[in-house]
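Going by our numbering, the sequence shown opens with residue 73, and the numbers climb by one from there.
Don't be surprised by glycine CBs; every beta carbon is placed ideally from N, CA and C.
Remember, it's a predicted structure, so these values are computed and weren't measured experimentally.
Down below is the structure, laid out as structure tokens.
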Amino acid sequence: MDKVRILIIGLEEAEVNAIKQNLGFNYLLVTYDLVPQVKLIEGELYVESPSVPDKYLLVNKVIFHGIYQDDVDFITLLALWNGPCLPNALGMMDLRQRIPGLVRALSVSRFRGIKRGMVIGQQDYTATAETVAKWGIWHCGEDKAKFNGDWTSSETSVIEPFIDGEAVRIMIVGDKSWQIKLTGDTWLKSIHNEGSWEMEVDPELLADSRAIAAHFNLQTVGVDYMVGKDGGRYLLEVNHIPNVTVFPFVNEAFVKFAGDWAVR
């Protein structure tokens with residue numbers, strides 16, 4: 073029986089071990105905490121051996137979890153490879169960069185009612201109400217500013233009105249889903265803050281998130297919305313890596329899904 077080598081990036085040792093339990097003797101795992109050296113040669117993917125420098129190993133499948141400073145080219149290479157990848161590499165590539173990813177997602181979502189602005193490079197911008205600017209490549213509550221009045225961008229930024237309300241995330245792992253309340257001591261909300269936890273699912277937000285996931289062919293995704301005090305619902309961003317490590321119920325579902333996916 074031919075060996076199947078699976079490259080796993082960004083998962084904890086306990087998660088890798090749990091996935092390994094689902095695999096037969098014909099499966100080999102190569103694991104990295106960070107983005108490894110890879111090559112795409114005539115349609116075949118190779119990764120540098122963790123133990124033997126400059127030795128490259130043929131890869132059959134990839135499981136990727138993480139957001140890294142230098143991962144755009146890596147994800148693009150995975151998309152060009154077009155092999156079995158969790159999450160889907162082309163979907164990750166389309167959503168990896170915050171602003172282009174948002175634009176693509178807004179073309180799918182029902183909840184795109186925010187009238188946004190944008191500045192390119194370093195520009196002055198004047199707001200007449202509380203406003204939020206977002207820039208950079210991160211999806212982790214980083215690179216955001218709230219202002220009213222004059223503001224100067226340091227780099228290309230998307231501008232949107234500040235919405236007073238509740239921030240939520242729809243988490244999808246295969247056919248399972250949850251709605252998470254995002255919390256924080258300031259206007260910045262995150263799944264990492266104390267008090268963030270599962271809440272009742274809004275069926276319309278879930279349907280919207282599933283439509284986005286299907287459009288980008290993503291098996292796992294996290295979709296952030298703002299629910300205004302006026303009842304309005306607005307898409308904020310789509311996380312191609314939804315962070316499956318924070319909540320035990322999501323983590324358990326992901327490990328099971330990834331293990332089943334690996335042997336398909």
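- Buried is the label assigned to R305, since at least 16 other Cβ atoms lie within 10 Å of its Cβ.
- Per DSSP, reduced to three states, the secondary structure at P159 is coil, with no helix or strand assignment.
- Straight-line spacing of the CA atoms in H137 and I313 works out to 6 angstroms.
- Note on L150: 16 or more other CB atoms within 10 angstroms of its CB, so buried under the neighbour-count rule.
- At a Cβ-Cβ threshold of 8 angstroms, I192 and M165 do not count as neighbours.
- Put simply, of R176, M243, G267 the residue whose alpha carbon is nearest the alpha carbon of V273 is M243.
- Three or more Cβ pairs closer than 8 angstroms define a contact, and the stretch 114-127 falls short of that threshold against the stretch 312-328.
- Contact between the stretch 170-181 and the stretch 101-120 is absent: fewer than three C-beta pairs spanning the two stretches fall below 8 angstroms.
- Setting aside the 5 residues that flank it on each side, N220 is surrounded in the same chain by A199, E202, each with a C-beta closer than 6 angstroms to its C-beta; the list follows chain order.
- No Cβ-Cβ contact shorter than 8 angstroms links N98 with G331.
- Burial check for K75: the Cβ neighbour count within 10 Å stays below 16, so the residue is exposed.
- Under DSSP, G237 shares a beta bridge with G300.
- Taking each of V310, L158, H264, L129 in turn and checking the Cα distance to L278, the smallest one comes out for V310.
- Taking the C-beta atoms as reference points, E238 is found no nearer than 8 angstroms to W207.
- In this structure, DSSP gives K328 a helical state, which the three-state scheme calls helix.
- D280 is the residue among N289, K301, D280, F234 whose C-alpha sits nearest the C-alpha of V295.
- In terms of CA proximity to R77, Y118 leads the group Y118, L83, E114.
- Selection R336, V327, G256 evaluated against A86 yields V327 as nearest (Cα-Cα).
- If you look at V102, you'll find it in the beta strand (DSSP E) that goes 99-104.
- Of the other Cβ atoms in all chains shown, fewer than 16 fall within 10 Å of the Cβ of A286; this residue is therefore exposed.
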